[in-house]
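As structure tokens, the structure follows; a few thoughts come after it.
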Amino acid sequence: MTQKSGSYSSPRRSVGEMIRAFFYEIYAFIMNLADVVLTPLQRVIGSRNMAYFFVLPNLLIFGIFVLFPMLLNFRYAMTSGTGLFLSDRPFVGFANYRALLNCTNFFDPNTCVEDRFWRAIWNTVFFVGFQVLGMVIFALVTALILNRGIRGRGFFRSVYFYPVLLSPVVVALIWKWILQRDGLINAVLISLDQERVNFLLNADWTKFWVIFVSIWAQMGFYMLILLAGLQSIPADIYEASAIDGASPWQDFRGITLPLLMPTLFVVLVLALIRAVQVFDQVYVLTNGGPGTATFYMVQYIYNTGFSGQPQRFGLAAAASVLLGLTLLIFTLIQLWLGRSSEAV
Amino acid sequence: MMKQRNWLLLAVMLAAMLVFAACGGGASNAPAGNEAATEAPTEAAAPAEEEAPAAEEAATEAPADGSADAAATEAPAEEAAADASSGASGDAVELRMTWYDDGAEGAVMRDLLDRFEADNPDITVIMDTVPYATGILETLPIQLAAGEGPDMVRVTDLGGLSPFFLDLTPYLEDPAYWEENFGPFLTWLRQAGDESSIPGFMTQLTVTGPYVNKTLFDQAGIELPAGDATWEEWAEVTRQVAEATGTPFAMAMDRTGHRFAGPAISEGAKYFDAEGNPALDDEGFRKMAQLLIDWHADGTMIPDVWMGAGGSYAAGNEQFINAQIVMYMSGSWQIGQFNEKIGDAFDWVAVPNPCGPAACTGMPGGAALVGIADTEHPEEVARVMAYLAQPDVLGEFYGRSLFIPGHLGLAESGVEFVTDSPLTADALTVFAAEVPKLNEVAYELQGYRFNRAIFNATSDRLTQVLVGELTLDEAMTRIQEDVDKAIAEAQ
Amino acid sequence: MLFSTNVGEFLTRTRGRRRWDVTDVIAYLYLAFGTLLMFLPVLWLVLSSFKTPAALVKFPPSILPYNQEMAAVEGYDEPLPLFTVTREDGSTAQMVQIRRVGIEAQMADPANPADVISVNINDREPVEKLSLAWENYTEPLARFNFLTYLRNSVIVTVAATIITLLINSMAAFALSKFEFRGRDVILVIIISTLMIPISVVLVPVFLVITSVGWVNSLWGVIIPGAATPTGVFLLRQYMLTLPDELLASARIDGASEWRIYWQIVLPLAAPALAVLAIFSVMWRWNDFLWPLIVLSRSELFTLQVGLNAFQGELNVQWHYVLAMTVLTLLPITIVFAFLQRFITTGIATTGMK
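Residue numbers (our numbering), protein chains in the order written: chain A, 16 to 359; chain B, 6 to 496; chain C, 929 to 1281.
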């Protein structure tokens, strides 16, 4: 606040500062206006209890539009039928959960009643593992390189960040046109007299490209976070170790990596959240195919409860409850790990 | 302790819901304030450091801001709708028609509606064009179930949505005209047991059937097979053509259980048991499935369509347009875009559906424009529908949209298709001639309320066989199970 | 050993070094390659949006939008397509095609159209010229209310972002700087929903919207996502690092809690707010499924809903979809271009904490 008013009162100001000052004036005016009501409120309820006033708007919206629907989902999971309203839906107890978990061998989806659910689970596990790993490695390497004395770092930083702005649907569309049989890569291959490769026809290639494309689209964000982490490591630590005659590799292992650990942890958590939720991008790029090679959890829920006919809300809700509980356990483990390493 | 808190939370949420409901209602009546709206973009572009402070300022203004614009934006649309109707009175009934576009048919419909509005100043019809898959297939059923549907809508899931359709009969001057001309299609729009309601009419009838690249046949010096050739014979001939001309693939078929059903029925698939319940695992179905598998195994069919990435539906039209395949099993709706995209590159012709031991049939299909029972203005909806269903109006719609008429009188008298391409006209004639040849099972399947469950199970599971995730036996079991589960859910 | 030394040096060198060596070359090669990889796909999208429907599905695809050249010829009303014809003697000439019958084309010299010869279709190549299919842009703009969609998108994005910033920062302030009963319960509940994607609870949320009466209201799009757990989490983590002494001294000076919030905490949390703002803008601008469910009236459609309306049942009008996609990218690209420095450094500073 002091900075703001300081720049406001300085005699010579640039246009940018004047605009800033203008907006700050408006902001301050409105906030002061709010204070006219809120100061008496604080007098009545006490300054401690103002906390309730601050959390209330968020809590209301969160409760009504996030938490309440999730609780409703528990209820939906115990019903069947095609009715939209709970009152039209017969109660079936745990039948939906039983259907989902009915497997002779959990590792062979073909032995499961809901085989697609289990295919989706194992595909998601595969995807999350490799995507997060690849994401962290590429983001880290790029950040390390940009952290060198690179000319035009700002330019590269923006270029790598730009795909983050694209919607998942656009990302998928672009890459579909590049990868498909008559796509850009095959055109290049053919002009070089090479064999055409049917990327989207081969399960392994498709799994690879789905991971590649999601890394392409999101890497810039994580790279920036890591870059900031790197730049916060004081240079004199390296100088000291150079005097000790440490090799660069020892520097990396002994200094860079340990000091970067907290940042790396944040990146890992965020990447994991995004990876588990993977949906729209893959939906447009491969729609789960070929066969069910890239068919993931959220798509299973979406297809079952939304795009199938008839829409099976009950089964989809049960699947989403199972997904939610699994994710909750993951989140708690992560937070616990994070707390113990003082990272978050 | 925990529990108590949760209950408290729930109570607070419920109370808050009421407050919000009240606010929502109040806000929408707020007076317009256009300055606030024009300010919004500037704020977004303001230096981001200032974004947070600037944020609050507009937040307090937001209620007026948002609703004002909702009201303001309504104006242009209404104007556009109203400008044709010269003397539109202030209290004109506004009807909502949810639409989707495959090509330019939406523009044709708008044209016709403009004319209607000119004659009926007391009604305006606004078309809301949405994406097909997410809008019509996935979202619309939920909106309808919640009672938030439009007044009229163009749908393809005719049986599945039939509980929501409006029976126009009491509002129509001449229901007999509808029975007479739309009779066989009206049964698709009715719920089981309903034999009299008139929910709407077909915006188009589609027929599945193959196209061939005639130029490739000419180059290979091979004659087109006769009209009663079997699927196996066609496969053989197209393979020869592909080989002689260096074309990569002989055949393609859209990946959908709907395209598959025609050939399967020709091979003897019955789809239903004696009681009319789906029974898919029979010799005919397996025969066609096996052919499909073989054709993929030996390279007759292009693998991308059925085995590539993609959901329950994938089309082979692009490969056909690029002359990568000799024969393409699709349907009458491709005519418009073939006309546009192939142009003069080669001669594309529609041919009659190949035969099997049981039939030489394709599948009928199509989309219908229907009224929705929740509408507040059933009478006005009926007037719009009656206007559109007149022979000359509907004939113009079919003719300009290049759609096969779903109107028996027009089918008989013929529709004047607006095209200068002889290839287009020929193809339309071929498909129109397929309509009377369609097999009974094909009609039954098309009219079946849960046919979409059958089609999706077919394409999803057969794809899994093609890519090696299932055997055909396993797939047959899964298909039947999928369909049974879907039906059980709905009953 | 040599390898690991090189790799190590490659990965640890910091700025301000002496002279060029092999690791610098590798670094720049990596960056150059990465730049191509990041940019070419987007460029491809923009170029493709200028292609005609026929050119879009053509294989092999051309990099730039080409169209067949047409020539006006005496005696014919319409311009005729121009081809390069290879004659039997191997010489080539540019000729127009009058009509094609089967595999034979009737062609003529544009200067002398009366002299028609028959040419096998394999002996002719279309003459192409660079041309931008502006109609991909102009036609949908004429038919669809682009400005209305744009305005709705801007309203949704701006309003949602402002509300998100306001309520999430308020909550984060309370959760980080106050001790009060129920705080831990609220925190645990919010954090436990961090990972659950909104797409799995679409139907219940829609039911809530219906009972609130916000179907076909922009509020139904704006409000439900405003209280994002990620936002509260992010802001709270940042505010925890702000020194409590600042707040304490302000209280001694008699500042109200609200004043502390808007005059001290918010300005100091600007980097974190910037990150959340970017998150929110990206998400709202690109959101498609939720607006489609809530809004069924076209005067309320957002850009994403509008542009997807070109996806039909049996045919997708890709040329329109691509062109409109490029248009929806423009505003966000411009904003990014102006704020690029701030956005990237803003994210960077938050990540550190």
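We treat Cβ as the ideally placed atom computed from N, Cα and C, and that holds for glycine. Small disclaimer: the values here were computed from a predicted structure and weren't measured.
For B/T129, report the span of its beta strand (DSSP E) as first-last. For the purposes of this step, residue 129 of chain B is taken as residue 124 along the second sequence, with counting starting at 1. Run containing B/T129: 128-134, per the beta strand (DSSP E) assignment.
Listing by chain order, which chain C residues have their CB less than 7 Å from the CB of A/F83? Indexing the first sequence from 1 puts residue 83 of chain A at position 68. Near A/F83 (Cβ distances below 7 Å), the residues of chain C are V1136.
Taking only the alpha-carbon atoms, compute the straight-line gap between B/L171 and B/V386 and give it to the nearest angstrom. Position 166 of the second sequence, counting from 1, holds the residue named residue 171 of chain B. Position 381 of the second sequence, counting from 1, holds the residue named residue 386 of chain B. Distance between the alpha carbons of B/L171 and B/V386 is about 9 Å.
Sequence-distant residues of its chain with Cβ nearer than 8 Å to C/V1222 (five each side left out): For the purposes of this step, residue 1222 of chain C is identified with residue 294 of the third sequence, where counting begins at 1. Hits under 8 Å: F1134, I1137, W1142, V1143, N1144, S1145, G1148, V1149.
Can you tell me which of the three DSSP states C/V953 falls into? Along the third sequence, one-based indexing puts residue 953 of chain C at 25. Note: C/V953 maps to helix in three-state DSSP.
Could you tell me whether the Cβ of C/S932 comes closer than 8 Å to any Cβ of chain A? Translated into positions along the third sequence, residue 932 of chain C becomes position 4. Model confidence at C/S932 stands at a pLDDT of 48, short of 50, so the residue's coordinates are unreliable; what they give is reported in the following sentence. Cβ-Cβ to chain A under 8 Å: yes for C/S932.
Looking at the strands, I want to know which residues DSSP matches up with C/Q1232. Position 304 of the third sequence, counted from the first residue, corresponds to residue 1232 of chain C. Note: C/Q1232 sits in no beta bridge, so no partner.
Would you call the segment 258-265 of chain B and the segment 297-310 of chain B touching, i.e. three or more CB-CB distances under 8 Å? yes
What residue range is occupied by the uninterrupted alpha helix (DSSP H) comprising C/A1061? Reading the third sequence from its first residue, position 133 is the one you call residue 1061 of chain C. Looking at the DSSP string, C/A1061 is not in any alpha helix (DSSP H), and its letter there is neither H nor E.
Check whether C/T1092 and C/G1182 have beta carbons under 8 Å apart: Within the third sequence, the letter at position 164 stands for residue 1092 of chain C. Within the third sequence, the letter at position 254 stands for residue 1182 of chain C. No, they are not a contact pair.
Taking the alpha carbon of B/D379 as the reference point, which residue from B/I141, B/V130, B/M157, B/R291 has its own alpha carbon closest? Position 374 of the second sequence, counted from the first residue, corresponds to residue 379 of chain B. If we check each option's Cα against that of B/D379, B/M157 comes out closest.
Rounded to a whole number of angstroms, what is the C-alpha to C-alpha distance between B/L340 and B/T429? Residue numbering aside, residue 340 of chain B sits at position 335 when the second sequence is read from its first letter. Residue numbering aside, residue 429 of chain B sits at position 424 when the second sequence is read from its first letter. The amino acid occupying residue 340 of chain B in the given sequence is Ile; Leu does not appear at that position. Taking the straight line from one Cα to the other gives about 6 Å.
Which residues of chain C have a Cβ atom closer than 7 Å to the Cβ of B/E323, listed in chain order? Numbered from its first residue, the second sequence carries residue 323 of chain B at position 318. Under the 7 Å cutoff, chain C gives V985.
Measuring CA to CA, which of A/L74, A/F223, A/P178 is closest to C/G1153? Stepping through the third sequence from its first residue, residue 1153 of chain C is reached at position 225. Minimum Cα distance to C/G1153 is reached at A/L74.
Using beta-carbon positions only, say whether B/A319 and B/M293 come within less than 8 Å of one another. Working through the second sequence from its first residue, we reach residue 319 of chain B at position 314. Working through the second sequence from its first residue, we reach residue 293 of chain B at position 288. Contact: no.
Is C/P989 helix, strand or coil by DSSP? Along the third sequence, read from residue 1 onward, the residue named residue 989 of chain C stands at position 61. Coil, per DSSP.
If I'm right that A/Y311 touches A/F142 with Cβ under 8 Å, what's the distance once you round it to whole angstroms? As a working mapping, residue 311 of chain A is identified with position 296 in the first sequence. As a working mapping, residue 142 of chain A is identified with position 127 in the first sequence. Going by Cβ atoms, the distance from A/Y311 to A/F142 rounds to 6 Å, so yes, they are a contact pair.
Kindly indicate which three-state DSSP category A/P277 falls into: helix, strand or coil? Looking up residue 277 of chain A in the first sequence gives position 262. A/P277 falls in the helix class under three-state DSSP.
Cα-Cα separation between B/V440 and B/L433, rounded to whole angstroms: Against the second sequence, residue 440 of chain B aligns to sequence position 435. Against the second sequence, residue 433 of chain B aligns to sequence position 428. Using only the alpha carbons, I get a separation of about 11 Å.
Using 8 Å as the cut-off, can you tell me whether the segment 190-209 of chain A makes contact with the segment 263-276 of chain A, which would need three or more C-beta pairs spanning the two stretches below that distance? no
So C/E1053 is in the beta strand (DSSP E); what residue range does that whole segment cover? To locate residue 1053 of chain C, count along the third sequence from 1; it is residue 125. That run of the beta strand (DSSP E) goes 1052-1054.
Chain B contacts from the segment 179-200 of chain A (Cβ-Cβ distance under 7 Å): R196, D197
Between C/N1349 and chain A, is there a C-beta pair that is closer than 8 Å? Summary: the structure shown does not reach residue 1349 of chain C, with chain C confined to residues 929 through 1281, and so no result is reported for it.
Proximal chain B residues relative to A/G323, where beta-carbon distance stays under 8 Å: Translated into positions along the first sequence, residue 323 of chain A becomes position 308. By Cβ distance, chain B contributes A458, N461, A491.
Going by Cα to Cα distance, which pick from A/V70, A/I205, A/Y91, A/V156 is closest to A/L337? For the purposes of this step, residue 337 of chain A is taken as the residue at position 322 of the first sequence. Per the Cα distances, A/Y91.
Please report the straight-line C-alpha distance between B/E494 and A/T319, rounded to a whole angstrom. Taking the second sequence and counting its residues from 1, one reaches residue 494 of chain B at position 489. Taking the first sequence and counting its residues from 1, one reaches residue 319 of chain A at position 304. Going from the Cα of B/E494 to the Cα of A/T319 covers about 12 Å.
Apart from the five residues on each side of it in sequence, which residues of its chain come closer than 6 Å, Cβ to Cβ, to B/T211? As a working mapping, residue 211 of chain B is identified with position 206 in the second sequence. Taken in chain order, the residues that qualify are G336, S337, W338, G370, G371.
Is the segment 978-991 of chain C touching the segment 1055-1063 of chain C, taking contact as three or more C-beta pairs under 8 Å? yes
Please state whether DSSP places B/E143 in a helix, a strand or coil. Mapped onto the second sequence, residue 143 of chain B falls at position 138. Residue state, collapsed to three classes: helix.
Can you tell me the Cα-Cα spacing of B/M306 and A/E210, whole angstroms? Here residue 306 of chain B corresponds to residue number 301 of the second sequence, with the count starting at 1. Here residue 210 of chain A corresponds to residue number 195 of the first sequence, with the count starting at 1. Computed Cα separation, rounded: 19 Å.
Of the listed residues B/A150, B/N444, B/D286, nearest to A/R104 (C-alpha basis): If you number the first sequence from 1, residue 104 of chain A lands on position 89. Ranking B/A150, B/N444, B/D286 by Cα distance to A/R104 puts B/A150 first.
Select from A/N213, A/P249, A/A333, A/F345 the residue whose C-alpha is nearest the C-alpha of C/L1122. The count along the third sequence starts at 1 and reaches residue 1122 of chain C at position 194. It is A/F345 whose Cα lies nearest to the Cα of C/L1122.
Along chain C, in chain order, which residues have C-beta atoms closer than 7 Å to that of B/G267? Translated into the one-based positions of the second sequence, residue 267 of chain B becomes position 262. Ordered by position in chain C, no residue passes the 7 Å Cβ test against B/G267, which lies about 16 Å from the chain.
Using a C-beta to C-beta distance shorter than 8 Å, which residues of chain B count as neighbours of C/L1217? Numbered from its first residue, the third sequence carries residue 1217 of chain C at position 289. By Cβ distance, chain B contributes T139.
Nearest-angstrom Cα separation, counted from B/E381 out to C/P989: Locating residue 989 of chain C in the third sequence gives position 61, counting from the first residue. Locating residue 381 of chain B in the second sequence gives position 376, counting from the first residue. The straight-line gap from Cα to Cα measures roughly 52 Å.
Please report whether the beta-carbon of A/T94 lies at a distance below 8 Å from any beta-carbon of chain B. Stepping through the first sequence from its first residue, residue 94 of chain A is reached at position 79. With 8 Å as the cut-off, A/T94 does not count as an interface residue toward chain B.
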